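Chemist:
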Amino acid sequence: MKNTDTPSSLITIFGATGDLAKRKLYPSLYHLFRKGKISEQFAVIGVGRRDWSNEEFQEHVRTSVHNALGSQENIEGFVSHFYYQQNDLSNSDSYQAQKQLSEELDEHYQLEGNRIFYLAMAPEFFGTITEDLKTQGLTDTKGFQRLVIEKPFGHDLPSAEQLNSHIRESFSEDQIYRIDHYLGKEMVQNIEVIRFANAMFEPLWNNRYISNIQVTSSEELGVEERGRYYEKSGALRDMVQNHMLQMVALLAMEPPIKLTTEEIRSEKVRVLRALRPFKQDEVKDYFVRGQYGPGTSKGQTVVGYREAENVDDYSNTETFVAGKLMIDNFRWAGVPFYIRTGKRMAAKSTKIVIQFKDIPMNLYYNTDKPLAPNLLVIHIQPEEGITLHLNVKKSGQNIETTPVKLNFANNSVDGMNTPEAYEKLLHDCMRGDATNFTHWDEVKLSWAFVDKISEVWEKTRDEQFPNYESGSMGPKAADNLLAKDGYYWWPIANLDVDQC
Ligand SMILES: NC(=O)C1=CN([C@@H]2O[C@H](COP(=O)(O)OP(=O)(O)OC[C@H]3O[C@@H](n4cnc5c(N)ncnc54)[C@H](OP(=O)(O)O)[C@@H]3O)[C@@H](O)[C@H]2O)C=CC1
Ligand SMILES: O=C1O[C@H](COP(=O)(O)O)[C@@H](O)[C@H](O)[C@H]1O
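Residues 1 to 500 (the UniProt record's numbering) are what the sequence shown spells out, left to right.
1. Could you tell me which of 172, 197, 27, 81 sits nearest to residue 68, measuring between CA atoms?
2. Can you tell me which of the three DSSP states residue 315 falls into?
3. Going residue by residue through the segment 371-399, where are the continuous beta strand (DSSP E) segments of at least 3 residues, counting only ones entirely within it?
4. With H, G and I counted as helix, E and B as strand and the rest as coil, what does DSSP make of residue 168?
5. In angstroms with no decimal places, state the Cα-to-Cα distance between residue 418 and residue 66.
6. Should residue 125 be listed as close to ligand 1, given that the test is whether its C-beta is under 8 Å from any heavy atom?
7. Quick check on this structure: which residue in 387, 114, 82 has the alpha carbon closest to the alpha carbon of residue 406?
8. Straight-line CA distance for residue 9 to residue 45?
9. May I ask you to report which of helix, strand or coil DSSP gives residue 130?
10. Of all the beta strand (DSSP E) runs that stay within the bounds of the segment 253-310, which reach a length of 3 or more residues?
11. Work out the CA separation of residue 383 and residue 500 for me, nearest whole Å.
12. Quick check on this structure: which residue in 14, 101, 113 has the alpha carbon closest to the alpha carbon of residue 41?
13. Just reading off the alpha helix (DSSP H) that residue 326 is part of, what are its end residues?
14. Leaving out the 5 sequence neighbours to the left and right, which residues in its chain are closer than 6 Å to residue 415 when beta-carbon positions are compared?
15. May I ask you to verify whether the segment 211-231 touches the segment 330-350, counting CB pairs closer than 8 Å and requiring at least 3?
16. In the structure shown, what three-state DSSP assignment does residue 473 receive?
17. Going by DSSP, which residues form a beta bridge with residue 147?
18. Can we count residue 56 as close to ligand 1, meaning its CB is less than 8 Å from some heavy atom?
19. Taking the beta strand (DSSP E) that residue 86 falls in, what are its first and last residues?
20. Using beta-carbon positions only, say whether residue 353 and residue 392 come within less than 9 Å of one another.
21. Residues in its own chain within less than 7 Å of residue 267 by CB, not counting five upstream and five downstream?
22. Shorter than 8 Å, the distance from the beta carbon of residue 131 to the closest heavy atom of ligand 1, or not?
23. Under a Cβ-count criterion, where at least 16 other Cβ atoms within 10 Å of its own Cβ denotes burial, should residue 259 be classed as buried or exposed?
24. So, using beta-carbon positions, are residue 145 and residue 175 closer together than 9 Å?
25. Is residue 292 near ligand 2, judged by its Cβ being under 8 Å from some heavy atom?
26. When the Cα of residue 472 is compared with those of 299, 163, 188, which residue comes out closest?
27. Flag this pair as yes or no: are the beta carbons of residue 366 and residue 385 separated by less than 9 Å?
28. Terminal residues of the continuous alpha helix (DSSP H) containing residue 335?
29. Exposed or buried, what is residue 450 when buried is set at 16 or more other beta-carbons lying within 10 Å of its beta-carbon?
30. Opposite residue 406 in the DSSP bridges: which residues?
31. Pick helix, strand or coil for residue 464, following the three-state DSSP scheme.
32. Roughly how many angstroms lie between the CA atoms of residue 273 and residue 57, to the nearest whole one?
33. Considering Cα atoms alone, identify which of 170, 141, 122, 171 is closest to residue 150.
34. Considering Cα atoms alone, identify which of 345, 16, 422, 491 is closest to residue 185.
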């Protein structure tokens with residue numbers, strides 16, 4: 001297998017007529033094509049249930065790219081690589097036509113038997129598709145075979161274990177690329193670089209100098225049309241088990257001895273292993289749940305979660321989670337990592353705030369008052385960048401201090417929830433780089449941690465639900481979680497990179 005930046009491969013997308021493929025995958029592949037990151041030696045087979053021709057499928061891809069990017073440069077060259085295969089996956093016998101098409105395309109585009117199978121399908125199909133791919137001979141080629149798998153990877157630890165064992169009958173761990181799209185975000189990837197490429201941060205990155213770390217990922221949107229899925233998932237499984245814990249792992253891990261996939265993953269795994277476990281009756285001391293009621297979003301009156309489509313009138317599902325994580329290792333003992341995420345909050349924003357400890361005394365002006373703490377803010381989205389909050393002398397004759405912000409704004413190319421993350425991840429997969437995908441060990445530990453919380457929440461109804469207004473920053477209890485430790489959530493709007 002050649003390891004190049006523009007590898008040849010046949011990409012089979014299961015769920016090619018679906019929402020994810022339309023909104024994220026085709027625009028991402030087009031970006032890669034236009035930037036020359038995939039060579040002419042590629043082909044895509046779109047698999048769906050609908051009775052589409054190649055021409056209909058190509059028109060669908062053309063429209064998706066246009067809607068997402070507005071760009072059409074060399075679109076005909078791009079879509080000519082796309083082929084449609086109708087295949088009802090509930091019937092195992094229907095793979096033979098797909099096998100034949102794969103072999104023809106392999107020869108036509110000289111793909112060297114390299115195959116990527118992207119499962120953009122409901123998770124109940126994951127196990128059977130992988131089994132059928134193997135038994136029907138689609139993985140029997142001389143090139144690489146890689147499986148890209150979407151979330152959710154299970155519903156809890158037992159179901160994830162079952163799914164994993166099923167998949168592992170056909171694909172080995174190093175052939176499996178489990179997507180966590182936050183790992184494809186530019187500034188999430190930057191966490192490691194900020195930490196390990198700057199002499200000024202790493203020496204301070206521990207419990208001697210950091211008082212607490214806050215990770216917020218808030219959304220303005222409500223549950224939209226995903227009520228059926230979300231009712232069974234809630235914010236804990238939807239966001240905390242994967243994206244939030246992955247960000248915490250990147251913030252807390254030890255420097256890897258090398259920047260290889262294995263070394264980085266094993267450092268992240270060590271963090272997840274060090275997460276302080278709690279007993280059932282302690283869950284309430286560490287975690288807070290919320291559900292949005294009616295309110296205002298972007299100037300419009302909006303309904304509460306319980307009024308959304310496919311949501312129970314008395315739903316006990318959380319749309320907001322705030323938590324305090326303790327990492328019981330030498331570096332982080334005593335430093336709380338606060339996380340919060342929710343739907344229908346005041347703004348769409350993902351930010352990390354690293355709050356440094358106060359200096360021992362204030363020599364300046366109001367000497368009995370503490371100075372504003374130093375903060376390092378990592379702006380993940382919608383703006384991308386970092387801000388360092390410092391104190392300097394106020395101009396003039398008095399020795400007064402004033403807080404200032406040193407700002408770096410990364411040129412965010414596309415704004416929020418763009419194909420950007422998927423573009424990077426698809427390219428990584430084509431190059432065989434699994435660093436920004438989640439290893440089974442990470443998935444397993446994350447589920448084990450989250451299951452402890454959901455076991456308690458599922459047993460007890462929250463009689464306060466709905467307990468936060470749409471358009472707010474969540475329930476009051478989330479503020480109390482920090483207040484009892486003497487902290488507060490840094491208001492995300494005041495931290496904006498643009499305001500500096
Ligand atoms: N949409 C999103 O933003 C995100 C989605 N995901 C995950 O991606 C996956 C796909 O989601 P999404 O695209 O939204 O789902 P959709 O419901 O939009 O699409 C489902 C796809 O599966 C196909 N399909 C369903 N049943 C069969 C069958 N028996 N045989 C063959 N094909 C079938 C459908 O084909 P047809 O239409 O022809 O019936 C369609 O292409 C899920 O795991 C989801 O959790 C993850 C993150 C974000
Ligand atoms: O995985 C998911 O992420 C999105 C939020 O992603 P972002 O890139 O827009 O921050 C969330 O809306 C969705 O519920 C969840 O499944």
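We put the CB at the ideal spot given by N, CA and C, even for glycine.
Here the structure is a predicted model, which is why all the values come from computation and not from measurement.
Modeler: Here's the rundown:
1. 27
2. coil
3. 375-381, 384-393
4. helix
5. Low confidence applies here, because residue 418 scores a pLDDT of 46, under 50, leaving its location unreliable; read the following figure in that light. Answer to the nearest angstrom: the Cα atoms are 14 Å apart.
6. yes
7. 387
8. 11 Å
9. helix
10. 287-290, 292-297, 300-302
11. Below a pLDDT of 50, predicted positions are generally treated as unreliable, and residue 500, at 34, falls in that range; no measurement from the model is reported.
12. 113
13. Looking at the DSSP string, residue 326 is not in any alpha helix (DSSP H); the run it does join, the beta strand (DSSP E), is 320-326.
14. Low per-residue confidence applies at residue 415: pLDDT is 48, beneath 50, and the placement is therefore not dependable, though the value from the model is reported in the following sentence. These residues qualify, in order along the chain: 382.
15. yes
16. coil
17. 117, 176
18. no
19. 82-86
20. no
21. 253, 254, 256
22. no
23. exposed
24. yes
25. no
26. 299
27. no
28. Run containing residue 335: none; DSSP gives neither H nor E here.
29. buried
30. 388
31. coil
32. 45 Å
33. 122
34. 422
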